[in-house]
Amino acid sequence: MKSNTSINSIANRRLKNHTSLGQSVRNSFTMAYRGVLKIRRTPEQLFDVTLQPIIFTLMFTYIFGGAISGDVKNYLPVIIPGILVQTVITTSIVTGVQLREDMDKGVFDRFKSLPIARISPLAGALMADTIRYTIATVLTFTMGYIMGYRPDGGLGNVAIAAVLVIVCSWAMSWIFAFFGVIARTASSVQGISMLVLFPLTFLSNAFVPVNTMPEWLQWFVKVNPLSHLITAVRELVNNGNIGWDFSISLIGAAIIVVLFAPITVHAYMRRT
Numbered sequence: 014m015k016s017n018t019s020i021n022s023i024a025n026r027r028l029k030n031h032t033s034l035g036q037s038v039r040n041s042f043t044m045a046y047r048g049v050l051k052i053r054r055t056p057e058q059l060f061d062v063t064l065q066p067i068i069f070t071l072m073f074t075y076i077f078g079g080a081i082s083g084d085v086k087n088y089l090p091v092i093i094p095g096i097l098v099q100t101v102i103t104t105s106i107v108t109g110v111q112l113r114e115d116m117d118k119g120v121f122d123r124f125k126s127l128p129i130a131r132i133s134p135l136a137g138a139l140m141a142d143t144i145r146y147t148i149a150t151v152l153t154f155t156m157g158y159i160m161g162y163r164p165d166g167g168l169g170n171v172a173i174a175a176v177l178v179i180v181c182s183w184a185m186s187w188i189f190a191f192f193g194v195i196a197r198t199a200s201s202v203q204g205i206s207m208l209v210l211f212p213l214t215f216l217s218n219a220f221v222p223v224n225t226m227p228e229w230l231q232w233f234v235k236v237n238p239l240s241h242l243i244t245a246v247r248e249l250v251n252n253g254n255i256g257w258d259f260s261i262s263l264i265g266a267a268i269i270v271v272l273f274a275p276i277t278v279h280a281y282m283r284r285t
């Protein structure tokens, strides 16, 4: 009789069709830990974030430094923030590529069957990728320091600039995660992402002064969100100033997350 009562109470229990905010956060951190384990077991996937900052910093500085600023030393305050933003933002493409690869392998089908927050597999993967952004950021500033760059803004403002770039890159990775969900192959994710990102990075104020460009191109460069982010980083590390570009970069990052996080999760639930 007691056993029947227990069975009936279980049968009549109402199942939850949603997860709490706390559970969503815990699930996301668990999935992020999975991403960290993947990095530990396959460290070769960090080659891009370890080699690209070094190669790009050396190449762009010694190629353009003399022509634009007269010498390498005067060019470093201009190029280091530009290389930093370009490198870390480009690194966020890997999020969508790896996401597509996991979906092709059926890993996310397993996650979908688990009683976890729907957003956690995606959010966890994106959180784990912040390690990649941090490595790229540290290496870029380290290469600049080795080459003679001494930020006048001080170490504290350098740290704030680093956090700003990492936060904005994490926000943009939701865009590439969306590409990873809707694309058919990992190679197509990379192709689509590069097609979007290359004009934004190279048609910006990352490498050359805006006033040297044609007027029609200056308009695009000035409204380019990456130009605002690069300017915010330069003002922080070189002058110690937090201005409008800093604010607009954070506002833009928040808007991207608000827009792309829900549609990415929705597309993910439909495709898996």
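Here the numbering used here runs 13 ahead of the position in the sequence shown, where the first position is 1. Every residue gets a Cβ at the ideal spot worked out from N, C-alpha and C, and that includes glycine.
Buried or exposed by the 16-neighbour rule on C-beta atoms within 10 Å, applied to residue i
| i | result |
| --- | --- |
| E228 | exposed |
| L242 | buried |
| G48 | buried |
| N170 | buried |
| P56 | exposed |
| A267 | exposed |
| K15 | With a pLDDT of only 47 at K15, under the threshold of 50, the placement of this residue in the model should not be trusted; the figure read from the coordinates follows. So K15 counts as exposed. |
| M72 | exposed |
| R145 | buried |
| P164 | buried |
| L28 | Per-residue confidence for L28 stands at a pLDDT of 45, beneath the threshold of 50, marking its modelled position as unreliable; no derived number is given. |
| G344 | With the chain covering only 14 through 285, there is no way to say anything about residue 344. |
| T225 | exposed |
| V107 | buried |
| G109 | buried |
CB of residue i within 7 angstroms of CB of residue j, strictly
| i | j | result |
| --- | --- | --- |
| S217 | V202 | no |
| S41 | G137 | yes |
| A141 | A45 | yes |
| I188 | F273 | yes |
| V221 | I81 | yes |
| V85 | T150 | no |
| Q99 | A219 | yes |
| V38 | R131 | no |
| T143 | I179 | yes |
Cβ separation of residue i and residue j, assumed to be a contact under 8 angstroms, to the nearest whole Å
| i | j | result |
| --- | --- | --- |
| P94 | V250 | 6 angstroms |
| A199 | R113 | 4 angstroms |
Close beta carbons around residue i, own chain, < 7 angstroms, minus the five adjacent residues each side
| i | result |
| --- | --- |
| A280 | F191, V194, I195 |
| A24 | Legend: pLDDT at A24 = 49, less than 50; position of this residue unreliable, no value from coordinates given. |
| N288 | As shown, the chain starts at 14 and ends at 285. That puts residue 288 outside it, with no answer to give. |
| T63 | I148, L152 |
Contact set for residue i: own chain, Cβ-Cβ below 8 angstroms, skip 5 residues either direction
| i | result |
| --- | --- |
| T70 | I92, I93, I96, T153, M156, G157, M160 |
| G167 | G253 |
Own chain partners of residue i with C-beta closer than 6 angstroms, once the 5 adjacent residues on each side are dropped
| i | result |
| --- | --- |
| R247 | P94 |
Segments assigned alpha helix (DSSP H), at least 4 residues, entirely inside the segment 197-243: With a minimum length of 4 residues, the unbroken runs of alpha helix (DSSP H) contained wholly in the segment 197-243 fall at 199-215, 228-236.
| field | Length-filtered (4 minimum) alpha helix (DSSP H) runs lying within the segment 53-102 | value | Listed in chain order, they are 60-82.
Residue ranges of each alpha helix (DSSP H) run of no fewer than 4 residues wholly in the segment 130-196, ordered along the chain?
Listed in chain order, they are 133-141, 143-159, 168-195.
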